[in-house]
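Below you'll find the structure, written out as structure tokens, and then a few comments.
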Ligand SMILES: [Fe+2]
Ligand SMILES: [Fe+2]
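Residue numbers (my numbering): 876 to 1134.
What follows is the structure, given as structure tokens:
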């Protein structure tokens, strides 16, 4: 089983980049299942239903959300019936599911989205009691993949090491910068602090440099802009699993020009 995980898809350019290249990547890399973090897909914050559908049509099997889980009002309505969409499991008061089991070539894969709490203002309860209870009481599966969405690298590493050997893989999202630390932990869980960005390559975490300067440095009103064309990066990792604990995890990165 080869799982491709891709980090935060940011804006239309990120969606277009995946629509242009994800099917081809699946084929070239012999990928069995694709998980994509889609929390920034709709103009940088949240996920509209139409953009969720674009991710699925592009070749995604499961979309995870992060701290912007409630970034678009409509998400609370459609998340309840979209089986390929996960909110953070510890965003307990929000509708939808935070963990689901998928069938992949006769094997069962659980995917769980979890939200960190350091430097994150959106509501999420302590993930540890909740996640331990899931491991102790939930249905066991052939594989278990976790997207741990958090600002702090230490919070991500702590979670992965605490559950080392009890989940197949923990990959972080949220910072939009791919880290160079993909590895198998001592008890066999694959880990990487951050998958990185799927979006505008020349910007600041996916946003146009000028609009970021105008807003943050010069104090102008208005949104952070995301260019709709230009060079895009598709960042993530490929995890190889023939049993519950993976044999390898490798960072993945590809450039795509979006017209
Ligand atoms: Fe985020
Ligand atoms: Fe993000």
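Here a beta-carbon is modelled for each residue, glycine too, at the ideal position from N, C-alpha and C.
{"query": "Inter-residue CB distance, residue 983 and residue 1017 (contact presumed, cutoff 8 Å)", "result": "5 Å"}
{"query": "Three-state class that DSSP yields for residue 1061 in the structure shown", "result": "coil"}
{"query": "Residue 1105, DSSP secondary structure in three states", "result": "strand"}
{"query": "Contact shell at 5 Å, judged by CB to any heavy atom of ligand 1, ordered along the chain", "result": "941, 942, 1049"}
{"query": "Selected residue, minimal CA-CA separation from residue 1074, among 1060, 1101, 1090, 992", "result": "1101"}
{"query": "Close Cβ partners of residue 1068 (< 7 Å) along its chain, the five nearest in sequence each way excluded", "result": "1028, 1031, 1032, 1047, 1054, 1056"}
{"query": "Any non-hydrogen atom of ligand 2 within 8 Å of residue 915 CB", "result": "yes"}
{"query": "Outcome for residue 1093 when other beta-carbon atoms lying within 10 angstroms are tallied against a minimum of 16", "result": "exposed"}
{"query": "Residue(s) in a DSSP beta bridge with residue 912", "result": "939"}
{"query": "Length of the line joining the Cα atoms of residue 989 and residue 1083", "result": "28 Å"}
{"query": "Cβ-heavy atom distance, residue 912 to ligand 2, below 8 Å", "result": "yes"}
{"query": "For residue 921, the three-state DSSP class (helix, strand or coil)", "result": "coil"}
{"query": "Extent of the continuous alpha helix (DSSP H) to which residue 1025 belongs", "result": "No alpha helix (DSSP H) contains residue 1025, which DSSP labels as neither H nor E."}
{"query": "Contact under 9 Å by Cβ, residue 878 with residue 910", "result": "yes"}
{"query": "Euclidean distance between Cα positions of residue 1124 and residue 1022", "result": "14 Å"}
{"query": "N- and C-terminal bounds of the alpha helix (DSSP H) containing residue 1087", "result": "1084 to 1087"}
{"query": "Residue nearest to residue 1110 in terms of C-alpha spacing, selected from 1120, 953, 913", "result": "913"}
{"query": "Touch test, the region 895 to 906 against the region 960 to 980, Cβ-Cβ under 8 Å, three pairs minimum", "result": "no"}
{"query": "Selected residue, minimal CA-CA separation from residue 1020, among 1072, 1118, 994", "result": "1118"}
{"query": "Boundaries of the beta strand (DSSP E) in which residue 1126 is found, first to last residue", "result": "1123 to 1133"}
{"query": "Check: residue 1028 C-beta below 8 Å from any heavy atom of ligand 2", "result": "no"}
{"query": "Straight-line Cα distance separating residue 1005 from residue 883", "result": "24 Å"}
{"query": "First and last residue of the uninterrupted beta strand (DSSP E) at residue 978", "result": "974 to 979"}
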